[in-house]
Structure formats: structure tokens, C-alpha cells
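Participant: Have a look at the structure that comes next, please.
Protein chains: 2
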Amino acid sequence: MAQSIQRAINLIRLVAEHPLTLSEAADVLGVHKSTALRILQTLEAARFVRKTGAGTYVFGSGLIELSELALGSMDLRQFASAHLRVLQRQTGHTVHLAQLAGDEIVYVDKVDSPAFDAVKLPSRIGRAVSIYASAVGKVILAHLSQEERDRLLSHVTFERYTSTTFADRESLDAELTRVAERGWAIDDGEHDAYVMCVAAPIRDSRGQVIAAVSLTAIEVIASLDQLKEKLPLLLETSALISQELGFTPESSPAPSAS
Amino acid sequence: MAQSIQRAINLIRLVAEHPLTLSEAADVLGVHKSTALRILQTLEAARFVRKTGAGTYVFGSGLIELSELALGSMDLRQFASAHLRVLQRQTGHTVHLAQLAGDEIVYVDKVDSPAFDAVKLPSRIGRAVSIYASAVGKVILAHLSQEERDRLLSHVTFERYTSTTFADRESLDAELTRVAERGWAIDDGEHDAYVMCVAAPIRDSRGQVIAAVSLTAIEVIASLDQLKEKLPLLLETSALISQELGFTPESSPAPSAS
DNA sequence: AGCTACATTGCAATATACGCAACGCAAGGA
DNA sequence: TCCTTGCGTTGCGTATATTGCAATGTAGCT
Numbered sequence: 001m002a003q004s005i006q007r008a009i010n011l012i013r014l015v016a017e018h019p020l021t022l023s024e025a026a027d028v029l030g031v032h033k034s035t036a037l038r039i040l041q042t043l044e045a046a047r048f049v050r051k052t053g054a055g056t057y058v059f060g061s062g063l064i065e066l067s068e069l070a071l072g073s074m075d076l077r078q079f080a081s082a083h084l085r086v087l088q089r090q091t092g093h094t095v096h097l098a099q100l101a102g103d104e105i106v107y108v109d110k111v112d113s114p115a116f117d118a119v120k121l122p123s124r125i126g127r128a129v130s131i132y133a134s135a136v137g138k139v140i141l142a143h144l145s146q147e148e149r150d151r152l153l154s155h156v157t158f159e160r161y162t163s164t165t166f167a168d169r170e171s172l173d174a175e176l177t178r179v180a181e182r183g184w185a186i187d188d189g190e191h192d193a194y195v196m197c198v199a200a201p202i203r204d205s206r207g208q209v210i211a212a213v214s215l216t217a218i219e220v221i222a223s224l225d226q227l228k229e230k231l232p233l234l235l236e237t238s239a240l241i242s243q244e245l246g247f248t249p250e251s252s253p254a255p256s257a258s
Numbered sequence: 001m002a003q004s005i006q007r008a009i010n011l012i013r014l015v016a017e018h019p020l021t022l023s024e025a026a027d028v029l030g031v032h033k034s035t036a037l038r039i040l041q042t043l044e045a046a047r048f049v050r051k052t053g054a055g056t057y058v059f060g061s062g063l064i065e066l067s068e069l070a071l072g073s074m075d076l077r078q079f080a081s082a083h084l085r086v087l088q089r090q091t092g093h094t095v096h097l098a099q100l101a102g103d104e105i106v107y108v109d110k111v112d113s114p115a116f117d118a119v120k121l122p123s124r125i126g127r128a129v130s131i132y133a134s135a136v137g138k139v140i141l142a143h144l145s146q147e148e149r150d151r152l153l154s155h156v157t158f159e160r161y162t163s164t165t166f167a168d169r170e171s172l173d174a175e176l177t178r179v180a181e182r183g184w185a186i187d188d189g190e191h192d193a194y195v196m197c198v199a200a201p202i203r204d205s206r207g208q209v210i211a212a213v214s215l216t217a218i219e220v221i222a223s224l225d226q227l228k229e230k231l232p233l234l235l236e237t238s239a240l241i242s243q244e245l246g247f248t249p250e251s252s253p254a255p256s257a258s
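So the protein lines, in turn, are chains A and B.
If you read the first sequence in full-length UniProt numbering, its first letter stands for residue 1, the second for the next number, and so on.
If you read the second sequence in full-length UniProt numbering, its first letter stands for residue 1, the second for the next number, and so on.
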């Protein structure tokens, strides 16, 4: 489709795995050395790769800087990081930090159980999450203004992933009302039947909900009820992160008890 | 130099900052829409960008996954992360985690002071550090085998950045002996005259030094002596991280007191 | 020194990526 | 309802940017 760009992408992939000399690069791509050189020089100018003293090409910092730029508010990650790790230890479950970015909700951090035999969830930093079939999505959606909510949902085509999915606007709105009232959301296998979550919102200094923390477990490991037992810890974590972002609880209406 | 690749890189940069429609992308690049489309499709196939429901292109997870792949042992970062953040709080100084990657030493994590008025150091995750003119470089070098040390230094061309730089192999070797004896290294403005560091080694389960933690401050903020006062905290941190990696202290010879 | 293996440059050929124009499609207004 | 407008998408001929070659430069090794 775009040969030279494809070659450049392949080269980046190779370099990310393992340092490469020019000749190796040319061999692997199946092109002449001069061709490989020109691609690498272009990538080098963008700092996507870097030339070492030994003459090999290695991964450059440009890509990492881009990732951080795209994940946006590094502030949020920096502030949240330590708290997420504490929460992981306290609960033993996988912790996610998701953020509203443009029209989507994207994972910006993830803390797995460090145990080697632990189940690694397929979620990945940088990936978008379903906005209506996830605990983080629902808890963020529930705390946005009506206009914002409409905007985010206007392009969505609802899909019933499992029997518990809220697959139409009416039932979703009813669920979001419940979520807004109690201040946290669950995911009862709404996207993947065996994946359970609880999520709590994170607010910035203006009191706006801009992100969410969640605890995730597959049902064999922990039932939804078992996850809910960790709610106090989860809510404490989200409150601490909000505080770090400059949020002062008294400046906003308290969630009504339901 | 490689026009289409350059255009692709520009597009990635734009998309990382802010979602883009096809027409906008074409306008900004100054090319026809069909050209922009083909570039975006290629990038999309590599998951470097992703198409949202609304038809805009946004940053894809492919780049982030690449970054994580390249930063290698996510294990180290996961294990170290919480400890680095604690150390930052305890000391108030910038904390770096640097790792031996191939022939070079690369920053894999960094924790700045969260204060808004704090000086942000120009170091960046993913960037290579001078191997002989940095505290992390020296402390890693000092604990490698002679062959490894020779290999890493064989391609180096020494440069006297400041008056304190160890700019030749003999004086560097003498310094490395001192570092190995006491188990930690300093950087007395050896690369940038006003930047001070102390660094301690991190060992994996085999007892091999594979990384280092450091505390950094510019001289106006803290003198080298003030940094040294934090040494107990630094050494505690590096010991804790090493333990998490499976290192058992008794299995290795204790550093001799100097 | 001479050899080998590598990176780099200049240049001509052509494959490749480009712009154009036509098409498809959806949203909004008359 | 139909027309208009603005978007993304496809096919195609052309020209330009990219390629491979061959020659040159450079460094490490015997």
C-alpha cells in the first residue's frame, strides 16, 4: 500500500527488538544497503532510531516521547502511579487507569499482579476501551455533563457483546443514573463474559471527572461480590489521586446516598 | 531524504498531539487527500494510528507497545516503579532508573518532583546516558566483569565535558575501582558542570548488576554533600528493588568498607 | 601494508507513490 | 422528496521520488 513506509515500520519493529547493523537491516528487509541506509537516516532524523558508537542502530527516544505526548497529561500518570501500585498490592487484582482522550477512553496505566503465574489481562496501555461496556467507561460517562455524554455517544453503534451488555441508549442511561448516584460503577461481564470490574472516578482541580481507576479480575479468580469488598480501598485510591490533582472534596456536591 | 517516510512521521506527530480527520491531515501535509489516506492506512495497519467511530484518526497503541518492548524488561520497571516514587517523596530530588541495554545505558524511568515550580531536568526516558560521565553509568560499569567493561568501553571516544570528567581510560578505571569498593557512585558535574548525582546499583536474581537508581539535583538546589546525606535512602531503595528481582544479599560478597 | 567488511555517495532507470477526477455516501436544507 | 454539500474512497496515467548498482571512503584485522 505504501511500500517505503511499510519498510520503515518493519525496520522500527526490528530495531525495537534488538540492535541492528545497516547490512543486517538490508538483508532482513530484502533491499539494497543504500535503501536501508536512507530509511534509517530518515528515522534517525526523527529520533525514532539512534546510531550507537558501535555503528548499530537502536531504538530512539523519539518514539517514547511521542507515546508520552499522546498519553497526554503525564501529570495524571505521575500523580497516580504510586497509588495504583499500592492498590494492586492491597487487593492482589489488576489495576487500570483510564482517561478520557478526545472522543474515547484509553488506558494510560496498568499494574498487573507481579506473580509469575498470575493471569495477564489482554488490556494494553494506549488501547481504547469500550465506552459503554466497561466499568471505567460507564463511571466517566456517568459524571459528564449531558452535552458531553451525548457527544461521546453520538458516534457509538451499540453492540450486545454479552447477555449483560447495556446495548441501547435507554438502558445505558438508566445504568448511568445509578452509577452517578452511588459514585462507582461495575462491569458484570458486559464486554467479556468472564471479566469483572469495579471502577471509581478521578476528578481534577475543577471537580471535573477526567479519568477512572478500576480493579479487574476474571471470574475464576474473584467474583464480582469479592471485588466489591475492595470498594473502600478503590474509593480511597481514587480520592487520593483526585487530591493530588488539586481536587478539594468540599468544593463539589457530595454523591447522594442511595 | 525519504519523502513519504518523512510525511508519515509528520502525520504520526500530528496525530499524537490531537485527533485528525483525513482532510485536515492532507491540508497540513500539503498533499492530496488520496495521498494522506494511503499513508494513514499504512500506519493504521501497523496500529500506529487508529480510526475512531467518528472518522478521525487518533494515536494507536502500536507505538506504545513498541516503546514498552524496547524498554525491555517491563518487569524491572513494574517492580521498581513504586520504590522510585517513594524515594522521590523522601528526598524531594529527581529519581532516575537506568538500565544496561545492549552497549548502552538508557533511562527507563524518571520521577520528577511533582511541584510545579520544580526544575525539570532535560533527561528523558529512552535516552542514552554517557557511560563514563554519569553516576549511573559508572556504578553499572564498576560492577561488570572486566570483559564486559572492556566491551562497553571499546567503542567509546572519551570527551572532557567538564573539568571533573574522567576523560581517559586510566583515570576512569581508578574511579571505577573506588566505586566498586564502596558500592555507589557520584557524578560531580562530570557531564554538565552544575548537575550532581549519586547512584546505586540494582542486581537481578543472579547477583548481576543490570541497572541503577540515581538521585539528581542541580547544584543551586542541593550540593553533592547534601545529596550524599540521602545515600542511606538511595541504598535502601536499590536494595529493595534488587530483592523484588529475586536478589538475595547473602549470595554475593559484601562490598568492602573503604 | 594489504585485506576484508562495512558504511556512504552519485547517478541513471523505473518502480512507486502521487495528484487528478470520478464515484459513493451520509447529513442537512429547501 | 430531492438537491446540495462535504466528506472519504477508488482507478488510473504520469512524473517524481526511491531504488539498485557501482565506485568510493573508512576502519578493523591478519
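The beta carbon of each residue, even a glycine, is placed where N, CA and C say it ideally should be.
1) Ignoring anything shorter than 4 residues or poking outside the stretch 115-152 of chain B, list the alpha helix (DSSP H) runs there in chain order.
2) For residue 170 of chain A, does the count of other Cβ atoms within 10 angstroms reach 16, so buried, or fall short, so exposed?
3) Looking only at its own chain, which residues have a Cβ that is under 7 Å from the Cβ of residue 135 of chain B, when we skip the five neighbours before and after it?
4) Buried or exposed, going by whether 16 or more other CB atoms sit within 10 Å of the CB of residue 113 of chain A?
5) So if DSSP puts residue 57 of chain B in a beta bridge, which residue, or which two residues, is it bridged to?
6) I want to verify the contact list: residues of chain A whose CB lies under 9 Å from the CB of residue 103 of chain B, in sequence order.
7) Per DSSP, residue 104 of chain B forms a beta bridge with which residues?
8) Within 10 angstroms of the Cβ of residue 160 of chain A, are there 16 or more other Cβ atoms? Answer buried if so, exposed if not.
9) Please tell me whether residue 256 of chain B has its Cβ less than 8 Å away from any Cβ of chain A.
10) Taking C-beta to C-beta, are residue 137 of chain B and residue 130 of chain B nearer than 8 Å?
11) Quick one: what's got a C-beta closer than 7 Å to residue 167 of chain B's C-beta in the same chain, skipping five residues either side?
12) Considering Cα atoms alone, identify which of A:68, A:37 and A:51 is closest to residue 16 of chain B.
13) Taking the alpha-carbon positions, what's the residue 108 of chain B to residue 19 of chain A distance?
14) Can you find at least 3 beta carbon pairs, one from the stretch 231-240 of chain B and one from the stretch 82-99 of chain B, that sit closer than 8 Å?
15) Going along the stretch 202-219 of chain A in order, which residues come within less than 9 Å of chain B, judged by CB to CB distance?
16) List, in chain order, every chain A residue whose beta-carbon is nearer than 7 Å to that of residue 81 of chain B.
17) Alpha helix (DSSP H) containing residue 178 of chain B: first to last residue?
18) Below 8 Å CB to CB, which residues in the same chain sit around residue 14 of chain A once its five sequence neighbours on both sides are set aside?
19) Could you tell me whether any Cβ in chain A is nearer than 8 Å to the Cβ of residue 271 of chain B?
20) For residue 198 of chain B, does the three-state DSSP call read helix, strand or coil?
21) My understanding is that residue 222 of chain B touches residue 93 of chain B, with C-beta atoms under 8 Å, so please give their C-beta distance in whole angstroms.
22) Applying a beta-carbon distance threshold of less than 7 Å, which residues of chain B neighbour residue 156 of chain A?
23) DSSP on residue 96 of chain A, reduced to helix/strand/coil?
24) Look at the alpha carbon of residue 2 of chain B and the alpha carbon of residue 38 of chain A, and state the distance between them as a whole number of angstroms.
25) What's the C-alpha gap between residue 96 of chain A and residue 141 of chain A?
26) Can you tell me the Cβ-Cβ gap for residue 53 of chain B and residue 179 of chain A, rounded? I've got them flagged as a contact below 8 Å.
27) Figure out for me which residue from B:12, B:195, B:34 and B:226 has the closest Cα to the Cα of residue 123 of chain B.
28) Does residue 252 of chain B come within less than 8 Å of chain A when only Cβ atoms are used?
29) What residue range is occupied by the uninterrupted beta strand (DSSP E) comprising residue 221 of chain A?
30) In this structure, how does DSSP classify residue 85 of chain A when only helix, strand and coil are distinguished?
31) State yes or no: is the C-beta of residue 63 of chain A within less than 8 Å of the C-beta of residue 79 of chain A?
32) Count the other CB atoms within 10 Å of the CB of residue 23 of chain B; is the residue buried (16 or more) or exposed (fewer)?
Facilitator: Quick look at the numbers:
1) Qualifying alpha helix (DSSP H) stretches, in chain order: 135-142.
2) Here residue 170 of chain A refers to the residue found at position 170 when the first sequence is read from its first residue. Answer is exposed; the Cβ neighbour count stays below 16.
3) To locate residue 135 of chain B, count along the second sequence from 1; it is residue 135. If we look at residue 135 of chain B and ignore the five residues flanking it on each side, its Cβ neighbours are 185, 186, 187, 197, 198, 199 and 214.
4) Here residue 113 of chain A corresponds to residue number 113 of the first sequence, with the count starting at 1. By the neighbour-count rule (16 or more Cβ atoms within 10 Å), residue 113 of chain A is buried.
5) Taking the second sequence and counting its residues from 1, one reaches residue 57 of chain B at position 57. Residue 57 of chain B is bridged to B:20 and B:51.
6) By one-based count along the second sequence, residue 103 of chain B stands at place 103. Here the neighbours are 19, 52, 53, 54, 56 and 58.
7) In the second sequence, the residue the question calls residue 104 of chain B occupies position 104. Partner residues in the beta bridge of residue 104 of chain B, as assigned by DSSP, are B:101.
8) Locating residue 160 of chain A in the first sequence gives position 160, where the first residue counts as 1. Exposed.
9) Here residue 256 of chain B corresponds to residue number 256 of the second sequence, with the count starting at 1. Model confidence at residue 256 of chain B stands at a pLDDT of 44, short of 50, so the residue's coordinates are unreliable and nothing is read from them.
10) For this step, residue 137 of chain B is matched to residue 137 along the second sequence. For this step, residue 130 of chain B is matched to residue 130 along the second sequence. Closer than 8 Å, so yes.
11) If you number the second sequence from 1, residue 167 of chain B lands on position 167. Taking residue 167 of chain B as the centre and dropping the five residues before and after it, the same chain places the C-beta of 158, 159 and 160 closer than 7 Å to its C-beta, in chain order.
12) Translated into positions along the second sequence, residue 16 of chain B becomes position 16. Nearest neighbour of residue 16 of chain B by Cα position, chosen from A:68, A:37 and A:51, turns out to be A:68.
13) Position 108 of the second sequence holds residue 108 of chain B. Position 19 of the first sequence holds residue 19 of chain A. Going by the C-alpha atoms only, they are around 17 Å apart.
14) Short answer: they touch.
15) Contacts with chain B (Cβ-Cβ distance below 9 Å) from the stretch 202-219 of chain A involve no residue at all.
16) Numbered from 1 along the second sequence, position 81 holds the residue referred to as residue 81 of chain B. From the beta-carbon of residue 81 of chain B, the residues of chain A found nearer than 7 Å are 81 and 85.
17) Locating residue 178 of chain B in the second sequence gives position 178, where the first residue counts as 1. Here the alpha helix (DSSP H) through residue 178 of chain B covers 169-182.
18) Position 14 of the first sequence, counted from the start, is the residue given in the question as residue 14 of chain A. Within the same chain, and ignoring the five residues on either side of residue 14 of chain A in sequence, the residues whose Cβ sits closer than 8 Å to its Cβ are 20, 25 and 28.
19) It is not possible to answer for residue 271 of chain B, since the shown part of chain B is limited to 1 through 258.
20) Within the second sequence, residue 198 of chain B is the residue found at index 198, counting from 1. Note: residue 198 of chain B maps to strand in three-state DSSP.
21) Along the second sequence, one-based indexing puts residue 222 of chain B at 222. Along the second sequence, one-based indexing puts residue 93 of chain B at 93. Their Cβ separation, rounded to whole angstroms, is 7 Å, which keeps residue 222 of chain B and residue 93 of chain B in contact under 8 Å.
22) For this step, residue 156 of chain A is matched to residue 156 along the first sequence. Residue 156 of chain A reaches chain B at 53, counting residues in chain order whose Cβ is nearer than 7 Å.
23) In the first sequence, counting from the first residue as 1, residue 96 of chain A sits at position 96. In this structure, residue 96 of chain A counts as strand in the three-state DSSP scheme.
24) For this step, residue 2 of chain B is matched to residue 2 along the second sequence. For this step, residue 38 of chain A is matched to residue 38 along the first sequence. Rounded to the nearest angstrom, the gap between the Cα atoms of residue 2 of chain B and residue 38 of chain A is 7 Å.
25) Counting from 1 along the first sequence, the entry for residue 96 of chain A is found at position 96. Counting from 1 along the first sequence, the entry for residue 141 of chain A is found at position 141. Their backbone Cα atoms lie some 17 Å apart in a straight line.
26) Position 53 of the second sequence, counted from the start, is the residue given in the question as residue 53 of chain B. Position 179 of the first sequence, counted from the start, is the residue given in the question as residue 179 of chain A. Contact between residue 53 of chain B and residue 179 of chain A fails: their C-beta atoms lie close to 22 Å from each other, not under 8 Å.
27) Counting from 1 along the second sequence, the entry for residue 123 of chain B is found at position 123. Residue nearest to residue 123 of chain B within the set B:12, B:195, B:34 and B:226 is B:195 (criterion: CA-CA distance).
28) Numbered from 1 along the second sequence, position 252 holds the residue referred to as residue 252 of chain B. Below a pLDDT of 50, predicted positions are generally treated as unreliable, and residue 252 of chain B, at 49, falls in that range; the measurement from the model is reported next regardless. It does not; no Cβ of chain A falls within 8 Å.
29) Translated into the one-based positions of the first sequence, residue 221 of chain A becomes position 221. For residue 221 of chain A, no beta strand (DSSP E) segment is defined, and its DSSP state is neither H nor E.
30) Working through the first sequence from its first residue, we reach residue 85 of chain A at position 85. Note: residue 85 of chain A maps to helix in three-state DSSP.
31) Numbered from its first residue, the first sequence carries residue 63 of chain A at position 63. Numbered from its first residue, the first sequence carries residue 79 of chain A at position 79. Not closer than 8 Å, so no.
32) Counting from 1 along the second sequence, the entry for residue 23 of chain B is found at position 23. So residue 23 of chain B ends up on the exposed side.
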